[in-house]
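Taking it in order: structure first as structure tokens, then the write-up.
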Amino acid sequence: MRGKFTVSEMILISLIAAISIVTKPYLKALAAPLPIAGVVMGAFYMMWVVFIALLINKRYSATLFSLLQAVLALALGVAGKWGLWVFVGYTIPGLAVDFIFMSRTSKLVKSILSGAAANFIGSFIAMLIFTPNIGNKIFLLAPSIFQGQLVAF
Numbered sequence: 001m002r003g004k005f006t007v008s009e010m011i012l013i014s015l016i017a018a019i020s021i022v023t024k025p026y027l028k029a030l031a032a033p034l035p036i037a038g039v040v041m042g043a044f045y046m047m048w049v050v051f052i053a054l055l056i057n058k059r060y061s062a063t064l065f066s067l068l069q070a071v072l073a074l075a076l077g078v079a080g081k082w083g084l085w086v087f088v089g090y091t092i093p094g095l096a097v098d099f100i101f102m103s104r105t106s107k108l109v110k111s112i113l114s115g116a117a118a119n120f121i122g123s124f125i126a127m128l129i130f131t132p133n134i135g136n137k138i139f140l141l142a143p144s145i146f147q148g149q150l151v152a153f
């Protein structure tokens with residue numbers, strides 16, 4: 001898990017980041033009818049970050065991927081109402097995935113825990129930024145943990 005990124009790893013991270021951002025509007029359209037669409041689709045968005053951490057297996061690969069996703073989302077106009085907050089909403093879950101992948105457990109446990117953490121943190125950040133009265137909606141975060149685990153599994 002040490003060492004610098006190779007050119008092929010950086011190309012792979014860039015390619016998967018582009019795929020994840022380009023597919024985002026289509027996934028959003030599919031989830032629109034669901035009552036908690038943001039939480040459900042958040043699990044699929046966070047799947048990419050866990051996938052990169054498993055695939056590249058280098059320190060801060062998920063954070064690099066998340067930063068690149070944020071730049072692409074802004075550049076391609078997919079950030080929507082997030083604006084510059086997209087850097088916070090994408091990077092912090094990436095950092096969480098990287099910190100979990102630094103632990104000495106099996107890859108399965110790492111992927112399940114990081115999927116749950118990334119989806120929970122992403123949902124919580126979105127709730128903090130966009131929900132004026134967070135107190136009565138905090139219960140909506142509970143499904144984010146379980147959906148993040150299922151998608152990461």
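Using this note's numbering, the letters of the sequence shown correspond one by one to residues 1 to 153. Every residue gets a Cβ at the ideal spot worked out from N, C-alpha and C, and that includes glycine.
Report task. Please list, in chain order, all residues of the same chain as Leu64 whose beta carbon is under 7 Å from its beta carbon, the five residues on each side excluded. Result -> Ile13
**Report entry** Boundaries (first-last residue) of the alpha helix (DSSP H) holding Asn57
**Finding:** Per DSSP, Asn57 belongs to no alpha helix (DSSP H) and is neither H nor E.
Query raised in the report: From Val78 to Ile21, what does the alpha carbon distance come to, in whole angstroms?
Result: 7 Å
Query raised in the report: For Gly3, which three-state DSSP category applies?
Result: coil
Report task. Check whether the Cβ atoms of Val86 and Leu76 lie closer than 8 Å to each other. Result -> no
Query raised in the report: Taking C-beta to C-beta, are Ala118 and Thr91 nearer than 8 Å?
Result: no
Query - Burial state of Pro132, where buried means 16 or more other Cβ atoms lie within 10 Å - result: Pro132 counts as exposed, since fewer than 16 other C-beta atoms from the protein chains shown sit within 10 angstroms of its C-beta.
Report task. Specify, as a first and last residue, the run of the alpha helix (DSSP H) that Lys81 falls within. Result -> Element bounds for Lys81: n/a, residue is neither H nor E.
Query raised in the report: What's the call for Ser106, buried or exposed, on a 16-neighbour Cβ count within 10 Å?
Result: Counting the other Cβ atoms within 10 Å of the Cβ of Ser106 gives fewer than 16, which makes it exposed.
Report task. Can you tell me which of the three DSSP states Met127 falls into? Result -> helix
Report task. Have a look at Arg59 and Leu72 and give me their C-alpha separation to the nearest angstrom. Result -> 22 Å
Requested in this report: Enumerate in chain order the residues of its own chain whose CB-to-CB distance from Phe101 is below 6 Å, with the five nearest sequence positions on each side excluded.
Outcome: Ala53, Lys110
Requested in this report: Tell me whether Ala62 is buried or exposed, calling it buried when 16 or more other Cβ atoms sit within 10 Å of its Cβ.
Outcome: buried
Query raised in the report: If you run the structure through DSSP and keep just helix, strand and coil, what is Ser106?
Result: In this structure, DSSP gives Ser106 a state outside helix and strand, which the three-state scheme calls coil.
Report task. From the DSSP output, in three-state form, read off Pro93 for me. Result -> helix
Query raised in the report: Leu15: buried (16+ other C-beta within 10 angstroms of its C-beta) or exposed?
Result: By the 10 Å Cβ count, Leu15 comes out exposed.
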